[in-house]
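Comments concern the structure below.
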Amino acid sequence: MSGSFPEGFRYLPEYFSRAQQQILIEHVSIAAKAAPFFRGKMPRTGTPLSTLGSNFGPLGWVAAQSGYRYCKTHPKTGKSWPNMPEELLNLWQEVSDWLDPPQACLINWYREGAKLGLHVDADEEAADAPVVSVSLGDQALYRLGGPARKDPTRSFKLSSGDVCILGGASRRCFHGIDRIYPGTSTLVPKGGRINLTLRVVRGVL
Ligand code: SIN
Ligand code: FE2
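Printed below as a string of structure tokens:
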């Protein structure tokens with residue numbers, strides 16, 4: 001598919017400067033000490049995901065064989081997730097057009113060979129609140145479709161510092177990461193790509 005994005009989708013290339021990206025990565029590194037990256041599993045099959053995950057914020061998204069869910073604590077340490085960095089709360093204010101602050105920021109780490117199948121973000125009661133996502137580190141090939149899995153898709157590269165917003169109708173569009181391009185960025189100390197996904201989960205915690 002060529003041409004325009006679905007209604008409500010916004011792509012903000014190079015939103016963050018290199019210096020700002022370094023601050024965000026520093027937050028991720030500190031968070032990963034308290035809330036170590038873990039490998040989630042697909043519901044039912046238990047197939048391990050190819051990405052590693054952790055979270056910032058009062059709620060964290062966890063992928064387990066028993067299902068996808070939002071949890072107040074890390075599945076291994078049992079502790080609360082690290083606080084949402086101020087820079088991400090500011091980003092939300094700047095781009096989301098949504099009054100309530102995000103409750104969860106999923107930190108996904110894509111190392112060489114990692115990808116994310118076509119899916120819709122559908123685990124949130126706040127189904128109309130936008131999803132704001134930040135790309136850091138290696139470039140990735142992003143695929144964006146429509147509300148039905150069979151809808152045509154378009155693909156484009158996301159680079160470090162880029163921000164995408166799935167708002168409006170695009171909130172229910174299929175999307176995924178086909179591949180990353182290893183070694184295309186020096187930002188992430190251990191290499192790879194970090195994606196930060198900000199979401200409102202529900203009305204009252
Ligand atoms: C996601 O859709 O959950 C993440 C997308 C990305 O890694 O850019
Ligand atoms: Fe998603």
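Mapping of the sequence shown onto our numbering: position 77 corresponds to residue 77, and the numbering continues sequentially without gaps.
Just so you know, even glycine gets a beta-carbon here, dropped at the ideal spot from N, CA and C.
* **Straight-line gap, Val-62 to Ile-25 (C-alpha atoms, nearest Å)** => Spanning the alpha carbons of Val-62 and Ile-25 requires a straight line of approximately 21 Å.
* To do: Pull up the distance between the alpha-carbon of Ala-19 and that of Arg-44, whole angstroms please.
  => The straight-line gap separating the alpha-carbon atoms of Ala-19 and Arg-44 is approximately 42 Å.
* Asked: Can you tell which of Ile-180, Gly-78 and Val-95 has its C-alpha closest to the C-alpha of Pro-13?
  -> Val-95
* To do: Leaving out five residues on either side along the sequence, give the residues of the same chain with a beta carbon under 6 Å from the beta carbon of Leu-158.
  => Ser-135, Ala-140 and Tyr-142
* **Identity of the residue in Asn-108, Phe-38 and Gln-103 nearest His-74 by Cα** => Of the listed residues, the one whose Cα sits closest to His-74 is Phe-38.
* Asked: Heavy atom of the ligand SIN less than 7 Å from the Cβ of Asn-108, yes or no?
  -> yes
* To do: With DSSP as the reference, label Gly-145 as helix, strand or coil.
  => coil
* Quick one: Cα of Gln-22 to Cα of Pro-101, how far? -> 23 Å
* State the DSSP-derived secondary structure class of Ser-160, mapped to helix, strand or coil. => coil
* Nearest candidate by alpha-carbon position, reference Ala-126, set Ser-17, Arg-199 and Leu-144 -> Arg-199
* To do: Under 8 Å Cβ to Cβ from Ser-133, same chain only, skipping five residues before and after it: list those, please.
  => Val-163, Cys-164, Ile-165, Leu-166, Asn-195, Leu-196, Thr-197 and Leu-198
* To do: Compare the C-alpha of Val-28 against each of Glu-87, Arg-171 and Pro-48 and name the closest.
  => Glu-87
* By Cβ distance below 6 Å, which residues in the same chain neighbour Asp-151 in space, the five residues on each side in sequence not counted? -> Gly-145
* Asked: Relative to the ligand FE2, is the shortest distance from any of its heavy atoms to the C-beta of Asp-162 smaller than 7 Å?
  -> no
* Sequence-distant residues of its chain with Cβ nearer than 8 Å to Lys-79 (five each side left out) -> Ala-34, Ala-35 and Thr-73
* Assign Leu-208 to one of three DSSP states: helix, strand, or coil. => The chain is shown only over 1 to 205; residue 208 falls outside these bounds and no answer can be derived.
* According to DSSP, is Lys-33 helix, strand or coil? -> helix
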